Amino acid sequence: AQKITQTQPGMFVQEKEAVTLDCTYDTSDQSYGLFWYKQPSSGEMIFLIYQGSYDEQNATEGRYSLNFQKARKSANLVISASQLGDSAMYFCAMREYFNYGQNFVFGPGTRLSVLP
Amino acid sequence: DTEVTQTPKHLVMGMTNKKSLKCEQHMGHRAMYWYKQKAKKPPELMFVYSYEKLSINESVPSRFSPECPNSSLLNLHLHALQPEDSALYLCASSQSPGQSSSGANVLTFGAGSRLTVL
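Chains as they are written, first to last, in this note's numbering: chain A, 96 to 211; chain B, 361 to 478.
Written out as structure tokens, the structure reads:
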């Protein structure tokens, strides 16, 4: 079974500063996908960024970038220029395949608080 | 605005009630999912529908009954629930069921239905 570890239950960052949220994963598959989702207190899971295992470049989406280190099995999320609206729960997830479909396995999450 | 719509947003029910959660998407996605999320925990998969057929059932108790009337709609029928079933129920969809490994095939989630069982 695949497993996702997020070692930071909670993080604080000052507004306008950058923050890195850690994620390590465990899989024996050669082909896999890694995802980051944001969950505000409203409950909706918002997709942020995706990294495929064969992608040679680190993924970037606006203020979000993914620091992908395949040999170390880590996929850390970097948020630049933090904003108050970034305060939320952040989940790292890995896709696993079944015979007839896919599932996203989520890590335990990191609660980010942005301070004014 | 989310492209996956869930109703109701909040539901309170007794253990003898029968109720349903509804989910709708109009993105042409061919796979739909139900996840359950307890407080301060990550979402956990319950069911997956691929091309309107149930493809994954993660050993969910029979008091939860999913239904996929068409490619845009997904229901979760609830009957004789227990207080420990109180949770946030998230619906999601993806462009394809994901048998191939090409592309992101991201899960798009709805805002969730927060269920309280008394």
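Even for Gly, the Cβ is constructed at its ideal location relative to N, Cα and C. All figures in this text were calculated on a predicted structure; none of them were measured in a lab.
| query | result |
| --- | --- |
| Test: M106 (chain A) CB closer than 9 Å to a CB of chain B | no |
| Under 9 Å from the C-beta of V408 (chain B): neighbouring residues of chain A | F193, Y195, G196, Q197, N198 |
| Outcome for V372 (chain B) when other beta-carbon atoms lying within 10 angstroms are tallied against a minimum of 16 | exposed |
| Nearest-angstrom Cα separation, counted from T119 (chain A) out to Q101 (chain A) | 7 Å |
| The segment 137–157 of chain A: positions lying closer than 7 Å to chain B by Cβ | S137, G138, E139, M140, F142, Y145 |
| Close-in-space but distant-in-sequence residues of the same chain around Y411 (chain B) (CB under 6 Å, 5 per side omitted) | R390 |
| Residue of A:G157, A:S182, A:Q164, A:C187 minimising C-alpha distance to S175 (chain A) | A:G157 |
| Sub-9 Å separation of P135 (chain A) and L179 (chain A) beta-carbons | no |
| Three CB pairs or more closer than 8 Å across the segment 191–205 of chain A and the segment 413–432 of chain B | yes |
| Listed by chain order, chain B residues near F186 (chain A) by CB distance under 9 Å | P402, P403 |
| 8 Å CB neighbourhood of S208 (chain A) in its chain, flanking five on each side removed | G105, M106, F107, V108, S182 |
| Inter-residue spacing [alpha-carbon to alpha-carbon] between F469 (chain B) and C451 (chain B) | 6 Å |
| Chain A contact residues for T468 (chain B), given Cβ-Cβ distances below 8 Å | F142 |
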